[in-house]
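Residue numbers for the sequence shown follow my numbering, so the first one is 0 and each next one is one higher.
One structure below.
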Amino acid sequence: MPARQAKVDRITSEIVRMLNDPSLRGLATLRHYPMEKRIYARFGRCGFALDLAFDAGRETKLVSVLVEAVARASGRGTKAGYMKSGGTVTAYFVEVVGNARRQRTMRSTYKDAEELFSQVERVRAEFYRRYEEIKSRTPGAVGRVEAEVFHSIGITEPDLFLGV
């Protein structure tokens, strides 16, 4: 396996490890995979966030994960696109148990958008597998999350990049 692949896989493996933790009892995500690909193609950067809840004895351990990918030279000059550019991935992990808070950061590189989004797909697939598993064993545990309300006129959904 090339060194670069091993680096970006390190972050993916850490997130997948947390998603497979037997004490995981709740999870949520922000942003949708198709939108991230569109944002990346336009800006050369994208990301997603996860919130995970684990049983930790008498308390609950909450872990928030923020992942950001930035293509080399994003935001500078005229570009045909970023799909063939490599870049950097930064993952931020914040663990909260009671009043204690611990933060750590992992950084990695990727060779192109295909490699980046193959790793994102691994996380996405594992997230939804665990979501369905937890949902099936805890009936009624699915909470309602209010949708954000946007107002728009004169611009259609495929051209909207709100929330970037």
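Note that CB positions come from ideal geometry on N, CA and C, so glycine has one too.
- Spatial neighbours of residue 105 in its own chain (CB-CB distance under 6 angstroms, excluding positions within 5 residues in sequence) are listed in chain order as 10 and 90.
- With a cut-off of 8 angstroms on Cβ pairs, the region 91 to 98 is not in contact with the region 111 to 119, counting fewer than three such pairs.
- Here residue 20 has 53 as same chain residues with Cβ atoms under 7 angstroms from its own Cβ, once five neighbours each way along the sequence are excluded.
- Relative to residue 12, the option among 137, 107 and 130 whose CA is nearest is 107.
- Here residue 125 is actually not in contact with residue 51; their C-beta atoms are around 12 angstroms apart, not less than 8 angstroms.
- Leaving aside the five residues that flank residue 40 on each side, the residues in its chain whose CB is nearer than 7 angstroms to its CB run, in chain order, 80, 81 and 82.
- Under the DSSP assignment, residue 78 falls outside any alpha helix (DSSP H); it carries neither an H nor an E label.
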